[in-house]
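To keep things clear, I will list the structure first and then write my remarks on it.
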Amino acid sequence: EPEMEKVKHWPKRVFINNIDCFASKYVAKVHFSQLDRDELLPKLMDCDVVIYNITQHADQVEEAFWAVSALHSEMGNFSGPKMFILVSTVMTWACTKPVDPDDLELPFTDEIFWRRKAHPNFKQHIDLEKRVVKMGKTTYHLVAITSWMGQEHKIPVFGDGNNIVPTIHINDLASVIQNVIELQPQPYYLVAVDFAKNTMEDIVKAVAAVLGHGKIHKKPSEEAFLTKDLSVMEIDSLLVNLWIEGVYLKELLSINWLCESGLVDNIELVVEEYRQTRGLLPIRVCLLGPPAVGKSTVSKQICEYYKLHRIALKETISETITQLEDAVKNPDPEAENEDSAAEAQELLNSLKDSIDQNRGLLDEHLLVKVVKDKLMSNPCKNQGFVLDGFPKTYEQAKKLFSGETLSQSSYYTSVTCTDKKIMPEFVLCLDASDAFLKERVMKLPERLVQKHNYEQQHFLQRLTRYRADNVEDETIAHYFEELDITPLYLEITSNDEPDCLLLLQKIFNTLGKPRNYGHSTWEVEEEGMRKAEEKMRKEAQLRAEEEQREEEEARHRAACWGEWVGGLEMVRQQEEELLGAQSASLKNYLMEHVMPALTQGLIECCTVQPQDPVDFLAEYLFKNNPFDY
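Residue numbers (the UniProt record's numbering): 1 to 629.
Set out below in C-alpha cells:
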C-alpha cells in the first residue's frame, strides 16, 4: 500500500461529549458547555470533527444515537466533509467466539470486527457502533474506536484473576484520536489498545505494590456486585477476558506511545500521574512538645481530618513486633526474598532482647529503624503521616531522616543528604509552662495517668529531660531550621474548648486543604442518610417537646379553668346567701301583712266572680287594708 500522507487543512473545530468525565476531559482539545439538543445540533454542524465517548456512562449512548442520526439527516447542508469518531468499549467483543476453536490463544484483531459479539449488558453499545459505521459509509468519513479505559483497581481480585484485560493509557488514546483526525485512515473500525497481555491479577498486583502493601485477595466474582462503588457496567468490564490486538494501529497510524508495553510495565509512571492528576499528595507532619502538652490529642485530630497515619512510638513498636511474629509464623510463599522469614526472626529477636534489657525501651538504633521502616511504608509515603513526639533529639533526627548513603564524617553532608520521601513538610512545636503542665497532670484521671506513665516522679524526670534537650544549640527545632523547614510554635495556655478549637483551626490553616481522597460514593450516601436520620430525629424530638409543651399548657389551662369555675361557683353561692339574707325581712313583711289580705281577696273574687276581677280585687284590698294608709 502507498504510504498515507498527512492531510493538511485549516485548524479544525472539534466537539467531544461529556467533558466532565475522566476520559473525555483528557482527550478533549476544544469543547462546548452543556447544551440542550436544539442548541447542540448547530454547534455540531459547525464542527469538522465530532467525538462521542460512550465508555464510562451508559446514558451517553442514547445521546450519541441522536447525534449521529441528526447529523445524517442534515448531510445535505454540510459545508464540507465531517468526521464522526465514536470511542466505544471492548465489552462489545466480550462474547465473541474464538478465532480458532483449536487454538484458544489466538488474539482477536480489528480486521475481524464484523465477528464481534457484545456482552448482554452492552448490546446498546454495539448497536450504536453498527449504526455509526452504516451511516458513515453513506455520508462522511467515520471511525469508531474501541478502547478500554482503566478504572481504579482495588486490592481484592474478583474471580481467578487470570482474565486478560485490554488497556490503553489515556494519553495514548488521545494520540490515536489525533492521528485519526489528521491521517483519516480508510478502515472504519479501529481497536485502540496497547501491546500488553496483562491479566487482572497482574494489574491489581502492580497497583497494590505501589499504592498498598502489595497483597491481593481473590474473591468470588459474585462478591463484586456487593461492592458499593462499582456499577454493573464497571463490574462487567473488570471480569472481561479478552485478548485483542490493534493491527491497524501498527500499520496505518504513527503513535507517539507513552505506555506501549502496557500499564503494568509503566506502573510507576501511571501511579505518579494518577497522584498528580487527582492531587493525591502526602502531608508529612512532625509534632513536637513536652509531655502532657497535648500532642496525642492534636495528632489524632489532624490524622482524622486529613486521613493521615499517626506514628506514636508505643503503638508503632507493638505493631512492628506483631507483624514480625506473623511473618515468622506465616511466611509469604510469593516473597521475592527467600530469607525474609529468617530476617524477620532476627529482627524480632533483637527487638525483644533490647526491650528486656532496657526495661521496656528500645536501643536508639533499633528505635530509629522501626520508625523509619514505618515512614517508608506505602501508606505513609502515599497518604502521609503525623510523627507524634519523635524524634526527640538532634542526633535522632539526623539518623531518622538521613539518606542511606550519607557520610557521617561531613557536617554538610549529614545535614543536606536527607530522604525527601520521609522528610516532614510541616513541623509543629507545642509548648506550655511547667506550672500549666503540672496542673494539667494533677487534674487527669488516674486511668490516664497510668496509661501515659505520668506518675509524679516519672513525669517530672521526663519534663526535665525535655527542657535540657531543648536549651542547647543543636535542638530538634534547629535541625529542621537548617533544612529550611520553619517550625510553627504554638503556646498552650488554656484547657477551654474554644481555645483548643482556635488552635486546631490555626494548624489546619497552616497545613492547607486535605490532599487525600474525599468520601466515597457510598460514604457520601451514608453520610447523607445519617444527616437525614439526624434531622428526622431532631424534628421528632422537637415535635415530642412541642407535644409535651402543649400537653403541659393544656393541663395548666384545665387547672386554671377548674379554678376559675370553682371561684365562680363560690361567688354565686355567696351572692345567693347575701340575696337570701337581704330578702328575709321583705318576705316576713309580705307573709304577715300582705299575703293574708291578698289571699282573702282572691277567695272573695272567686266567690263573686265579677266582670272585672282586677278592679274587684283592687277595690277589695283598699277596703280591707289592715293598715289605715
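For every residue, glycine included, the Cβ atom is placed at its ideal position computed from N, Cα and C.
Count the other C-beta atoms from every protein chain shown that fall within 10 angstroms of the C-beta of residue i, then say buried if there are 16 or more, exposed otherwise.
i	result
residue 362	buried
residue 468	exposed
residue 145	Because the pLDDT of residue 145 is 26, which lies under 50, any placement of that residue in the model is unreliable, and the question is left without a value.
residue 359	exposed
residue 390	buried
residue 284	buried
residue 493	exposed
residue 150	In this prediction, residue 150 has a pLDDT of 27, which is less than 50 and means its spatial position is unreliable; nothing more can be read from the coordinates.
residue 116	buried
residue 266	buried
residue 511	buried
residue 143	Below a pLDDT of 50, predicted positions are generally treated as unreliable, and residue 143, at 23, falls in that range; no measurement from the model is reported.
residue 172	buried
residue 216	buried
residue 158	buried
residue 461	exposed
residue 108	buried
residue 581	exposed
Determine the DSSP secondary structure at residue i, reduced to helix, strand or coil.
i	result
residue 376	coil
residue 50	strand
residue 489	strand
residue 429	strand
residue 408	Residue placement at residue 408 is poorly supported in this model, since its pLDDT is 39, which falls under 50; the coordinates are not used for a value here.
residue 423	coil
residue 86	strand
residue 571	helix
residue 402	strand
residue 155	coil
residue 109	strand
residue 168	coil
residue 30	With a pLDDT of 36 at residue 30, under the threshold of 50, the modelled position of this residue cannot be trusted, and the question is left open.
residue 326	helix
residue 496	coil
residue 469	helix
residue 160	coil
residue 100	strand
residue 452	coil
residue 566	helix
residue 527	helix
residue 515	coil
residue 74	coil
residue 94	coil
residue 38	helix
residue 550	helix
residue 257	coil
Once the 5 residues before and after residue i are set aside, which same chain residues still bring their CB inside 7 Å of it?
i	result
residue 44	15, 50, 67 and 71
residue 463	290, 291, 434 and 437
So, at 6 Å on beta carbons, what are the nonlocal neighbours of residue i in its own chain, with the 5 sequence-adjacent residues on each side left out?
i	result
residue 617	601 and 605
residue 354	362, 363 and 366
residue 485	427
residue 299	287, 310, 386 and 388
residue 489	429
residue 126	92 and 118
Between the Cα of residue i and those of the options, spot the shortest distance and give me the residue it belongs to.
i	options	result
residue 288	124, 311, 238 and 460	311
residue 64	607, 129 and 187	129
residue 632	516, 276, 452 and 82	What is shown of the chain runs 1 to 629, which leaves residue 632 out entirely.
residue 369	384, 380, 351 and 357	351
residue 304	515, 243 and 231	515
residue 419	624, 400, 435 and 576	400
Given the structure, does residue i come close to the ligand FMN, in the sense that its CB is under 6 Å from one of the ligand's heavy atoms?
i	result
residue 491	Ligands in the displayed structure: none, and consequently the ligand FMN is not present.
Return the chain-ordered list of same chain residues with a C-beta closer than 8 Å to the C-beta of residue i, the five sequence neighbours on each side being excluded.
i	result
residue 137	Residue placement at residue 137 cannot be trusted, given a pLDDT of 43 that sits under 50; what the coordinates show is reported in the next sentence. 188.
residue 263	150, 167, 169, 194, 196, 198, 203, 206 and 270
residue 327	340, 341 and 344
residue 54	60, 61, 64, 86, 87, 88, 89, 125 and 128
Contained alpha helix (DSSP H) runs [length at least 4] in the stretch 182 to 254, N- to C-terminal order: Entirely contained in the stretch 182 to 254, the alpha helix (DSSP H) runs reaching 4 residues are, in chain order, 200 to 211, 232 to 239 and 247 to 252.
Uninterrupted beta strand (DSSP E) stretches inside the stretch 259 to 319 (no shorter than 3 residues): 283 to 288 and 309 to 312
Runs of alpha helix (DSSP H) wholly within the stretch 353 to 400 (minimum 4 residues, chain order): 364 to 375 and 378 to 383
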